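Residues in the sequence shown are numbered from 1 upward in steps of one, following the UniProt record's numbering.
Here is the structure we will look at.
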Amino acid sequence: METRENKRMRNQESSDREKQEEFESDKLGSLPDSILTHILSLIDTRTAVQTSVLSKRYRLLWTSLPSLNFYYFGKSRLNFTSLVDHVLGCRDDTDLTGFRLSLYKEVAAGCIRDCISYAVHRKVQNLSVRAYTKHSLVTLTSLLNASSSLRTLRLNNATSCNIELPKSLSLQELKVLILKNFVFSSENYNVDIFLGCPNLETLILNKCLIRQRDNLKALNVNCPNLKNLEIRYWRSVWEHFDEYVINVTAPKLVSFKFQGHILRVNFKGDLLCLDEVCADLCYPTACKTVNVRHRRRRTAQSFIYMLGQLCNVKSLFVSLKTIEALSSIPNFRKFPIPSIFRKLRYIKFTVEDKYTEMNASIDTVAQLLKRAKTKFLVFSLTKEQLLSINVKPPPMKLRHKYATPITIPTHLMSHILESSPSAEVLVIELPKAASD
């Protein structure tokens, strides 16, 4: 049986809890509408609309959200489009800072077009669209170029050719452009599609391609203020890769990141501002009709040509896959060195599943290379968490339990150091050990 004292303590705890909840509620309620709408704009718009039942104050608060976020995963297309129509019809006339439309199941092209049109007319600054439609294109020929406010534009074709851009973009204030799964052709694009974006600073092309057997053979990235360029998994057809090229004119380029297999990229000018280059090469190995050794070698040769145009780089990040590709070139020392990287100070070998990273002395590596009589240098982690550099793998009993050693061909390591006379730091990432 509960004593009087226990009952009193339980009631006191309940009262304290209610006061705390009331205090928290009052504290949230004391915030101005501008902060509350900002908080609500960080969540998906469906949930934000549902807060209208909380109190009278929240009833219309969602109608002035500065950012809208719509997600559709395929439960009910009618409910989703009804929600979109309701929000766009009831929202007030204030401008938008952000608009996100992420579709993971098919939605009518008209709905997508209406969303983009609404965002543009509300002077949206940051627009992100993942389009998913099968039966008709979402044509943005004149719609996008009508925007004078766009700062960031992210467009992703969930299936092939959902969005049709203008032949040439004309977005004077655009600073960030991210395109995924776009097919460039002479029918849809001019060779200088980005020329109308003079203030563009970041361009990311992800899983894009130039259509085969098309009159369009080159894509020009002519951006006077471009600082960051990323090309991820460009979908070149192996047999025709040398027919197409990306020409880059970006005198203020600071960072270039390349991920994927072979691609011709021509850089114009000296790129005096270039600070970092990140390379992660890959090539298909599962196809039985592909000569993997030949493809690896061609990939490496193309990369070396590309890298030779980036001789002013200060920091170089190279993945182990890239090292593997470069190692496939026979008589690497006889391969013509395109240039010397006199400004290169920082070199880093990267891995996919990193356990840790360690600094290695350039002088130590250079001295070891002079004495090395084996084909590889082995970088490993000791049980004492120290970096070990040897010419052969350490015994299992001396290896770190959670880090896997990596091997770098001595001829390749020598070539890297000889091409980088000013290198100061070598950083080695070690991958996680495979679990038993």
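Using N, Cα and C, we set each Cβ at its ideal position, and we do this for glycine too.
What you are looking at is a predicted structure, and each value in this text was computed from that prediction instead of being measured.
State the DSSP-derived secondary structure class of residue i, mapped to helix, strand or coil.
i, result
"tyrosine 233", "coil"
"arginine 131", "The question names arginine, yet the displayed sequence has alanine at residue 131. Three-state result, alanine 131: strand."
"isoleucine 329", "coil"
"threonine 322", "helix"
"cysteine 279", "Reading off the sequence, residue 279 comes out as alanine, not cysteine. Three-state DSSP puts alanine 279 in a strand."
"isoleucine 193", "coil"
"threonine 364", "helix"
"serine 25", "Confidence is the limiting factor: at serine 25 the pLDDT is only 48, short of 50, which leaves the residue's position unreliable, though a coordinate-based value still follows. Helix."
"tyrosine 305", "helix"
"glycine 269", "coil"
"isoleucine 262", "coil"
"arginine 293", "helix"
"isoleucine 416", "helix"
"threonine 249", "strand"
"glycine 74", "coil"
"tyrosine 346", "strand"
"lysine 354", "strand"
"lysine 370", "helix"
"phenylalanine 341", "coil"
Let me see if you follow: with CB-CB separation under 8 Å, is residue i close to chain C or not?
i, result
"leucine 88", "In the structure shown, chain C does not exist; there is a single protein chain."
Within the present structure, is the beta-carbon of residue i separated from the nearest heavy atom of the ligand FMN by less than 7 Å?
i, result
"glutamine 125", "With respect to small molecules bound, the structure shown includes none, and the ligand FMN cannot be examined in it."
Determine the direct distance from the alpha carbon of residue j to that of residue i, and round the result to whole angstroms.
i, j, result
"leucine 229", "leucine 200", "10 Å"
"serine 420", "lysine 343", "8 Å"
"leucine 417", "threonine 407", "16 Å"
"serine 328", "arginine 298", "9 Å"
"arginine 91", "threonine 45", "12 Å"
"valine 426", "alanine 158", "First, the amino acid is wrong: residue 426 is leucine here, not valine. Using only the alpha carbons, I get a separation of about 40 Å."
"lysine 227", "lysine 207", "21 Å"
"lysine 401", "alanine 360", "21 Å"
"arginine 345", "cysteine 311", "12 Å"
"valine 248", "lysine 268", "6 Å"
"leucine 31", "leucine 103", "33 Å"
"lysine 373", "histidine 415", "16 Å"
"leucine 205", "arginine 232", "6 Å"
"proline 166", "glutamate 243", "24 Å"
"valine 385", "asparagine 188", "First, the amino acid is wrong: residue 385 is glutamine here, not valine. Each residue's alpha carbon lies about 56 Å from the other."
"phenylalanine 194", "cysteine 223", "7 Å"
"phenylalanine 241", "arginine 264", "7 Å"
"arginine 130", "alanine 366", "49 Å"
"aspartate 85", "proline 251", "45 Å"
"lysine 375", "valine 391", "8 Å"
"isoleucine 112", "cysteine 161", "14 Å"
"threonine 364", "proline 393", "18 Å"
"aspartate 26", "proline 66", "With a pLDDT of only 49 at aspartate 26, under the threshold of 50, the placement of this residue in the model should not be trusted, and no figure is reported."
"glutamine 50", "lysine 257", "42 Å"
"leucine 143", "valine 292", "45 Å"
"histidine 135", "leucine 83", "22 Å"
For residue i, which of the options has the nearest alpha-carbon?
i, options, result
"asparagine 225", "Val176, Gly89 and Pro393", "Val176"
"leucine 203", "Leu209, Ser255, Ser315 and Lys56", "Ser255"
"threonine 141", "Ile163, Thr159 and Ala158", "Ile163"
"proline 409", "Leu326, Ala146, Met306 and Glu429", "Leu326"
"alanine 279", "Phe303, Lys268 and Glu424", "Phe303"
"leucine 68", "Ser55, Gln50 and Leu101", "Leu101"
"aspartate 214", "Tyr233, Ile231, Val183 and Asn222", "Val183"
"leucine 307", "Arg295, Asn291, His294 and Asp270", "Asp270"
"leucine 209", "Asn190, Gly196 and Arg235", "Arg235"
"serine 315", "Arg295, Arg296 and Cys273", "Cys273"
"arginine 57", "Asp33, Asn390 and Leu42", "Asp33"
"glycine 74", "Glu106, Ser52, Arg293 and Lys217", "Glu106"
"phenylalanine 70", "Leu42, Thr364, Ser55 and Leu143", "Leu42"
"phenylalanine 99", "Gln309, Lys217 and Ile116", "Ile116"
"phenylalanine 317", "Gln259, His294 and Arg293", "Gln259"
"asparagine 156", "Gln50, Asn181, Ala48 and Lys354", "Asn181"
With the cut-off set at 8 Å, would you say residue i and residue j are in Cβ contact?
i, j, result
"tryptophan 62", "leucine 40", "yes"
"leucine 169", "asparagine 145", "yes"
"leucine 219", "isoleucine 246", "yes"
"glutamate 357", "valine 313", "no"
"tyrosine 118", "leucine 88", "yes"
"threonine 133", "alanine 109", "yes"
"valine 120", "serine 147", "yes"
"leucine 430", "phenylalanine 379", "yes"
"leucine 368", "leucine 381", "no"
"cysteine 197", "leucine 171", "yes"
"threonine 94", "serine 64", "yes"
"threonine 404", "lysine 383", "no"
"alanine 423", "isoleucine 362", "yes"
"tyrosine 283", "arginine 296", "yes"
"valine 237", "glutamine 212", "yes"
#### Entry: Three CB pairs or more closer than 8 Å across the region 152 to 162 and the region 121 to 136
yes
### Query
Per the contact definition of three or more C-beta pairs closer than 8 Å, is the region 314 to 326 in contact with the region 349 to 358?
yes
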